[in-house]
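2 protein chains.
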Amino acid sequence: MVNRFELAKQELVATPALVVDLPTVERNLQRLHSYADQHGLKVRPHTKTHKSRRFARMQVEHGSVGLTVAKLGEAEVMGQESSDILIAYPAIDPDRRRRVAELARTHTVRVAVDSQYGVSVLAAAAEAAGTTIGILVDLNIGFPRTGVPTPAAALELAQQVVQAGKHLRLDGILIYPGHVWAPADQQEEILTQIDQKLAETIELWQAHGLSVDIVSGGSTPTAFQSHFVRSLTEIRPGTNIFNDMNTVRAGFCELDDCAAAVIATVVSTAVPGKCVIDAGNKTLTSDRNVLQPDSGHGHVVEYPQARIIRLSEEHGEIDFSGCDQTPQLGERVTIIPNHICPCVNLQDQFYLQTPEGIEKLNVDARGLLA
Amino acid sequence: MVNRFELAKQELVATPALVVDLPTVERNLQRLHSYADQHGLKVRPHTKTHKSRRFARMQVEHGSVGLTVAKLGEAEVMGQESSDILIAYPAIDPDRRRRVAELARTHTVRVAVDSQYGVSVLAAAAEAAGTTIGILVDLNIGFPRTGVPTPAAALELAQQVVQAGKHLRLDGILIYPGHVWAPADQQEEILTQIDQKLAETIELWQAHGLSVDIVSGGSTPTAFQSHFVRSLTEIRPGTNIFNDMNTVRAGFCELDDCAAAVIATVVSTAVPGKCVIDAGNKTLTSDRNVLQPDSGHGHVVEYPQARIIRLSEEHGEIDFSGCDQTPQLGERVTIIPNHICPCVNLQDQFYLQTPEGIEKLNVDARGLLA
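Written out as structure tokens, the structure reads:
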């Protein structure tokens, strides 16, 4: 197998370092937008994966209608690349709601809300700022994290949005199918159930004179099966731009679709049968693989049979007992992480690999927790 | 129970935020230095826990003989607070060994080494810089990560250090008892075995005319049992300055000895029996508790029966089914993390709580992976 990260592996001054291969990013974006176009779906990608203005700009250039974020710090950064920002998060505490209302001065801003409290405080914040905030009612469709439980509860919250007055605008419904990690060919049944719950909710809203302009769904695992949820108007995949061992091991993409990798150096081989690299959980995170938690903390491209068995903060211990060869001290290896989003958040920069060479890029929205 | 983080909880503008209570830090440092003084041990604390010049300065003021780091970026930051830096890491790749040799121009610098390759390349780097690097031979005493396996192998490496010439200085032996997570009263047997292996190694070195000036050991779990390893001259605890739920649940300290906590806000209560806070694994890390992996992702001070059952990047889901009361939307809660070191690495700043008020402090060495 050709290691697409070979150039960066040769040229990097210091390790560990996160490399992103630009041609692979381009291919991933093209594939997503081609699917979305085919099914009449808009794309509003979640930028939590890359946290970077440069990749956000690429997404907009590929036809994304806006950008999705979780926290307000991210909203303010991504607002520099798009005038249309969805905060797919209950941004209802005093600091966030004030910043949402401020951002709405210059941007189309929408917030996912799942409480009457949220509706009230966002309305008050928008009134204080003299702005208008779009509201998507967060409907729980099976992933029990946020979201109102039933079509009736969604209707009640939607009516409260309308009653809250002119500083809120009822825009539609948001879902997050975070529980759908089945292989693509087994998703149809779960997605059809989601489709039914959404259809029931929309029918109820319409029967009460409420329109549903946006039905926002999707995630990377469900991205290419979004057409099974017929009422969706848009999808919000995040990981898709880079992919990782979670999406590979779940069968959503191939190893060659992984655009991001950590280059690390072997710094110890003193313990027989293993070696230690200079990337621990401060570089790769402690996240286990979602579907194969015992598969190790990432994939070693040069030694596919190797297993990253334990991470300390700065040490990654790799078991080479299944390999014909073992790396030498000082050798560099290429790791595809289990979960690329929090891994990106641990780096101050990307090393962008382009046909012209290696370029350094800031992770602009890294660590913006508020 | 009084919540020692109440002041910050009231006064913080935005959440999630990492608060450190200064009086608790002072007490933790006093306790450690009092134990060390009593047993004639020097303290060379590992600064990976706090990654901050201010706390490093406090450690030096309490009598630490130097500071310990893993990576070179940390060494360069902590070198501003102490002239004596131990790099307890195989810093042998081209970038690190060059920076080690440079730092040795102005500082007493020591590196833990476990390979002949490491000895050779560090000698060459020091020669190129015209400096001298101190070497501690890393001896594996049961935690199979780094370290030469036997007293004989340690002797062989020590002899290679001497033979490498005047740019290396053989300073002694380093151990890391990373496997010792037994309760304090059960550690004696394991530590006595370590004591024997060290005694054998030292005897062998001395029989070959090599002196052992430094025997560097310790970690937070073993810190207060260090006297069972009689040959130690110094200890390197890290977590001890702040403590966390790992040290609490292992019985190494009390909840009241935890100096650092994350203040978070409840942002959703839509799913019955649980609530969602605005701190996920981007704030708390995914690290499970070492001894009680099913105890949840940290301790909720205000609701001791609550359990943080799942973390997404920006959502922390808390199960309140065991509690008499549940928090309200918008309420703030105080979380003691499982593992404070990587949690600190996720924050750009601390909010330092002092008798005078809240002070903002940079995490100076955050994210310095190289």
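Protein sequence lines, in the order shown, are assigned to chains C and S. Following my numbering, the numbering of the first sequence begins with 108 at its first residue and continues without gaps. Following my numbering, the numbering of the second sequence begins with 108 at its first residue and continues without gaps. Idealized CB from N, CA, C, for every residue including glycine.
Distance between beta carbons of residue j and residue i, contact taken as under 8 Å
| i | j | result |
| --- | --- | --- |
| V172(S) | R151(S) | 6 Å |
| G83(S) | V216(S) | Here chain S comprises residues numbered 108 to 477, so residue 83(S) is not present and cannot be evaluated. |
| C448(C) | G316(C) | Wrong, their Cβ atoms sit about 40 Å apart, outside the cutoff. |
| I199(S) | G387(C) | Not confirmed; about 16 Å, so no contact. |
| L129(S) | L459(S) | 6 Å |
| L475(S) | E181(S) | 5 Å |
| N110(C) | V408(C) | 5 Å |
| A377(C) | N247(S) | 7 Å |
| G170(C) | H140(C) | 5 Å |
Rounded straight-line distance, which links the Cα of residue j to that of residue i
| i | j | result |
| --- | --- | --- |
| G48(S) | S393(S) | Chain S is shown only over 108 to 477; residue 48(S) falls outside these bounds and no answer can be derived. |
| A357(C) | L362(S) | 40 Å |
| G382(S) | S375(S) | Per the sequence shown, the amino acid found at residue 382(S) is Cys instead of Gly. In a straight line, the C-alpha of C382(S) is about 6 Å away from that of S375(S). |
| R212(S) | V218(C) | 55 Å |
| S343(C) | D364(C) | It is Arg, not Ser, that sits at residue 343(C) in the sequence shown. Distance between the alpha carbons of R343(C) and D364(C) is about 19 Å. |
| N135(S) | V355(C) | 46 Å |
| I416(S) | R395(S) | 11 Å |
| T372(C) | L119(C) | 11 Å |
| D191(C) | H214(C) | 6 Å |
| Q456(C) | P123(C) | 11 Å |
| P444(S) | A368(S) | 7 Å |
| R204(C) | K116(C) | 44 Å |
| D426(C) | P434(S) | 45 Å |
| S189(C) | R164(C) | 8 Å |
| Q300(C) | N353(C) | 24 Å |
| N350(C) | D292(C) | 19 Å |
| R414(S) | G380(C) | 39 Å |
| D144(S) | S338(S) | 15 Å |
| D385(C) | P201(S) | 13 Å |
| T461(C) | I442(C) | 19 Å |
Check whether residue i and residue j have beta carbons under 8 Å apart
| i | j | result |
| --- | --- | --- |
| F331(S) | Y142(S) | yes |
| V451(S) | L125(S) | yes |
| L49(C) | F335(C) | What the structure shows of chain C is the stretch from 108 to 477, and residue 49(C) is not part of that stretch, so it cannot be assessed. |
| A230(C) | A271(C) | yes |
| A195(S) | A232(S) | no |
| L264(C) | Q223(C) | yes |
| V268(S) | L275(S) | yes |
| S333(C) | H146(C) | yes |
| D245(C) | V220(C) | yes |
| K389(C) | E421(C) | yes |
| A477(C) | A121(S) | yes |
| E183(S) | L210(S) | yes |
| C132(C) | I348(C) | One detail in the question is off: residue 132(C) reads as Val in this sequence, not Cys. The answer is yes: Cβ separation under 8 Å. |
| F112(C) | I370(C) | yes |
| I242(S) | L193(S) | no |
| Y283(S) | S326(S) | yes |
The beta strand (DSSP E) enclosing residue i, as first and last residue numbers
| i | result |
| --- | --- |
| Y283(S) | Careful: Y283(S) lies outside any beta strand (DSSP E) and carries neither H nor E. |
| D191(C) | D191 to I194 |
| E466(C) | G464 to N469 |
| D245(S) | I240 to D245 |
| Q456(S) | Q456 to T461 |
| C382(C) | K381 to I384 |
| E424(C) | G423 to D426 |
| T215(S) | T215 to V220 |
| I415(C) | R414 to L418 |
| G324(S) | I321 to G324 |
Enclosing alpha helix (DSSP H) for residue i [first to last residue]
| i | result |
| --- | --- |
| V228(C) | Q223 to A236 |
| E133(C) | L129 to Q145 |
| R203(C) | P201 to L210 |
| I442(C) | Counting along the chain, I442(C) falls outside any alpha helix (DSSP H), though it belongs to the beta strand (DSSP E) covering R439 to I443. |
| T354(S) | M352 to R356 |
| R160(C) | R160 to E168 |
| T433(S) | Counting along the chain, T433(S) falls outside any alpha helix (DSSP H), and DSSP gives it neither H nor E. |
| I301(C) | E295 to A314 |
| V374(C) | Looking at the DSSP string, V374(C) is not in any alpha helix (DSSP H); the run it does join, the beta strand (DSSP E), is A367 to S375. |
| V269(C) | P258 to Q270 |
| V184(C) | L179 to M185 |
How about the segment 308-316 of chain C and the segment 390-408 of chain C: do they share at least three Cβ pairs that are nearer than 8 Å? Counting Cβ pairs under 8 Å, fewer than three are found: no touch.
Are the segment 286-293 of chain C and the segment 254-264 of chain C in contact at 8 Å, needing three or more beta carbon pairs? No contact exists between the segment 286-293 of chain C and the segment 254-264 of chain C.
Using a Cβ distance threshold of 8 Å, determine whether the segment 154-174 of chain S contacts the segment 230-245 of chain C, with at least three qualifying pairs required. Result no; under three Cβ-Cβ pairs closer than 8 Å.
Taking contact to mean 3 or more Cβ pairs, one atom from each stretch, closer than 8 Å, check whether the segment 170-187 of chain C and the segment 459-470 of chain C are in contact. Taking one beta carbon from each stretch, the segment 170-187 of chain C and the segment 459-470 of chain C have fewer than 3 pairs nearer than 8 Å; the two do not touch.
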